[in-house]
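Under my numbering, the first residue of the sequence shown is numbered 71, with each subsequent residue one higher.
Note that CB positions come from ideal geometry on N, CA and C, so glycine has one too.
Just so it is clear, the structure is predicted and the values come from calculations on it, not from any experiment.
Report on the following structure.
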Amino acid sequence: MLPDPGARGARARPPRRRPLISRTDRSAPAFRRPPLIAVHGVAKTYELGPIHVHALRDVSLLIERGDFVAIMGSSGSGKSTLMNILGCLDVPSTGRYLIDGTDVGVMDEDDLSDLRNRKIGFIFQSFNLVARMSALANVELPLAYAGVGRADRRRRATEALGAVGMANRIGHQPSELSGGQQQRVAVARAIVTNPSLILADEPTGNLDSHSTREVLLIFSRLNEEGRTVVLITHEADVAAQAKRVIRLSDGAIVDDRRYGPVRAARAAPRDRDAPPPASTEEARP
Ligand code: ADP
Ligand code: MG
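The structure is reproduced here in structure tokens:
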């Protein structure tokens, strides 16, 4: 005869050994993916003989996947120094930088260049295209470094140039292209490896307003596709494209405002005269 479960009472139940919420539930907060970018107390000091230039002072910053962040600040405020650290082109003097949860400080040069090649796409103010090489060859370069075969390289580079509206200029050398077109080739080169993080240091600084709009549209689209975009700019209308604006002054973050949710398909058009949203904190996951 089976025992009557009711007759045994609560006393007989063994003490709970496991938490109510399973630890293997990956949606539980403890298992949420780390932010794409986590900067903790980073300082960068350049030693110029007896002079110490404090380019960054105690900067801490979290950036979620899918965010579109503009970094603003006057010349010399430390924007490029911060960008170079985010892009693993330079290392902090003190503090920690984690990308996707991995501490960059413990990686060797090989790991770092591999990380840069796989995860990060850079765009610079001065385009930095290789002269006397076609747009196609320029865009193929990062794939060549990554050891991608010739046919695959060609196909992917052609696709990337198409994505920035340069399909009809793939044979042109940089000197045969306008500034805006050169920057679009540079964007194609940055995205051809399919990076999750796009870093751009004043990408529209050398462009006229028409080309600026074209390039910004491309950044917005890349962000809509789920890529994280961080761009440095001096121009308010460029920053207006971003979901979050961070201001640096004298090597420190002095302002950090969110204008649109990280995961929205597109940053809401912003009314420039309206007061900014109240929260200046990191987006809550
Ligand atoms: P921003 O991009 O905002 O104009 P930077 O990050 O380029 O500013 O520079 C921040 C400060 O660090 C400036 O005072 C600059 O002169 C100094 N600096 C930048 N790079 C170097 C370097 N390689 N050696 C010495 N000082 C530097
Ligand atoms: Mg700079």
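- Assigned with DSSP and collapsed to three states, LEU211 falls in helix.
- Cβ-Cβ distances below 6 Å link GLY171 to PRO104 in the same chain, with the five nearest sequence neighbours on each side left out; the list follows chain order.
- As computed with DSSP, GLY235 is found in no beta bridge at all.
- Between ligand 2 and the CB of LYS114, the shortest heavy atom gap is not smaller than 7 Å.
- Between ligand 2 and the CB of SER150, the shortest heavy atom gap is smaller than 7 Å.
- THR303 sits buried, since 16 or more C-beta atoms from the chains shown fall within 10 Å of its C-beta.
- PHE138 is bridged by DSSP to VAL299.
- Contact between the region 261–271 and the region 183–202 is present, with at least three C-beta pairs closer than 8 Å.
- When secondary structure is reduced to three states using DSSP, ASP181 falls in the helix class.
- Cβ-Cβ distances below 6 Å link PHE194 to ASP271 in the same chain, with the five nearest sequence neighbours on each side left out; the list follows chain order.
- Counting the other Cβ atoms within 10 Å of the Cβ of SER196 gives fewer than 16, which makes it exposed.
- Using a 10 angstroms sphere on the CB of SER279, the tally of other CB atoms stays under 16, which defines it as exposed.
- Contact check for LYS313 and GLY330: beta-carbon distance about 4 Å, within the 8 Å limit, so the pair qualifies.
- Remark: the C-beta of ASP222 is outside contact range of ligand 2, defined as less than 7 Å to any heavy atom.
- Under a 10 Å Cβ-count criterion, ARG328 is classified as buried, with 16 or more other Cβ atoms of the shown protein chains found around its own Cβ.
- Inclusion of ASP271 in the 7 Å shell around ligand 2 follows from its C-beta lying nearer than that to a non-hydrogen atom of the ligand.
- Taking C-beta separations shorter than 8 Å and ignoring five residues to either side along the sequence, the partners of ARG224 in its chain run LEU206, GLU210, following chain order.
- Not one heavy atom of ligand 1 is found less than 7 Å from the C-beta of ALA230.
- When the beta-carbon positions are compared, VAL112 and GLY148 stay at least 8 Å from each other.
- For THR282, the enclosing alpha helix (DSSP H) begins and ends at 279–294.
- A residue is called buried when at least 16 other Cβ atoms come within 10 angstroms of its Cβ; ASN238 does not meet this threshold and is exposed.
- In the three-state scheme derived from DSSP, where H, G and I count as helix and E and B as strand, VAL200 is classed as coil.
- No Cβ-Cβ contact shorter than 8 Å links GLY157 with ARG135.
- Listed in chain order, the non-local C-beta contacts of ALA258 below 6 Å within the same chain comprise VAL209, ALA230, LEU231, VAL234, local neighbours out to five positions each way being set aside.
- The beta carbon of VAL285 sits closer than 8 Å to the beta carbons of GLY250, GLN253, ARG254, VAL257, PRO273, THR274, LEU277 from its chain, once the five residues preceding and following it are set aside; these are given in chain order.
- If you look at THR164, you'll find it isn't in any alpha helix (DSSP H); it sits in the beta strand (DSSP E) that goes 164–169.
- At a threshold of 7 Å, VAL129 does not count as near ligand 1, since its beta carbon sits no closer than that to any of the ligand's heavy atoms.
- For the pair of segments examined, the region 116–132 was found not to touch the region 172–186: the number of CB pairs separated by less than 8 Å stays below three.
- Distance from the CA of SER150 to the CA of ALA227, rounded to the nearest whole angstrom, comes to 28 Å.
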